[in-house]
Ligand code: ARG
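Residue numbers (my numbering): 1341 to 1636.
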């Protein structure tokens, strides 16, 4: 038992300590117990650093965890309805469209699922460092990211919108002249805003870590607008009637895919389950569950 968990404990320890309960929300009570057991065995693990290193303790989560029957998913749980922290009933749980898909895939492939919550900008580095087996975060498979990670097939597509205070008069990218525009750090929206800024005089970017921060900055008037994808903006608008959004039509839809460490052997298995979810209608059910009836 101890031998099995040591590499994982070390990995967490060496890569910056144990996540807090808020940052690490596990799938089910069993995993939770195991996680706290791991935390409490940190001292033991430290005492065995040299031994484990000699046995290949640097191996990625992919190699280390698969045999143990646990898949670790990293996400940035600030992105309803894809993934967000639900605090109902005094407990905190990461839920959403991506989480339902991940749970289904894990079950189909015979694994337990653990979820770690980190800033969007840290997701690809987490995969590269072997701290997660895969990432689901409404992540778009861009060419640039494909240099560093592998992607599954696309499972959902969405459009970009400009969100601004109601009555701002901002209806197109040209209206972003002399405006400060919030975007999530490391997202494709940041890249899009950088492109727009080159052709929009006086437009400035305000890159922030979490979407909630962007919404707060907008409401307090510290930024004038934000670029957020339509399905996510819709949810924030429902809770914030003082904001409005317009689609940027010329950008066209972009998709979300699951990211893996480069050359991961899991991509095919995941794609197969995604395809089955499409053909069985389960994907459509989840889309309706999380995005509503109007979603395609
Ligand atoms: N689709 C965009 C991208 O890939 C934004 C994703 C943001 N996801 C999140 N969980 N905050 O860059």
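Glycine included, each C-beta is placed from N, C-alpha and C at the ideal position.
- Leaving aside the five residues that flank residue 1472 on each side, the residues in its chain whose CB is nearer than 7 Å to its CB run, in chain order, 1401, 1412, 1413, 1414, 1456 and 1466.
- Residue 1611: member of the alpha helix (DSSP H) spanning 1606–1620, first to last residue.
- Any heavy atom of the ligand ARG within less than 5 Å of a residue's beta carbon puts that residue on the list, which reads 1416, 1419, 1460, 1477, 1478, 1479, 1480, 1527 and 1528.
- By DSSP's assignment, residue 1497 forms a beta bridge with 1595.
- Straight through space, the alpha carbons of residue 1452 and residue 1525 are spaced by roughly 30 Å.
- DSSP, reduced to helix, strand and coil, places residue 1515 within a helical segment of the structure shown.
- Each of 1498, 1468, 1448 and 1500 was checked against the Cα of residue 1485, and the nearest Cα belongs to 1468.
- For the 7 Å CB-CB criterion, residue 1499 and residue 1593 form a contact.
- Unbroken beta strand (DSSP E) runs of no fewer than 3 residues, entirely contained in the region 1410–1458, are found at 1410–1415, 1423–1426, 1433–1435 and 1452–1457, following chain order.
- Of the other Cβ atoms in all chains shown, fewer than 16 fall within 10 Å of the Cβ of residue 1603; this residue is therefore exposed.
- At the C-beta level, residue 1607 and residue 1535 stay beyond 7 Å of one another.
- Per DSSP, the unbroken alpha helix (DSSP H) holding residue 1539 starts and ends at 1528–1539.
- When DSSP states are grouped into helix, strand and coil, residue 1626 belongs to the helix group.
- Across the structure, residue 1630 and residue 1515 are spaced so that their CA atoms are roughly 32 Å apart.
- For the options 1551, 1454 and 1613, the alpha carbon positioned closest to that of residue 1433 is the one of 1454.
- For residue 1520, the secondary structure class from DSSP, reduced to helix, strand or coil, is strand.
- The region 1497–1511 makes no contact with the region 1435–1448; the number of CB pairs closer than 8 Å stays below 3.
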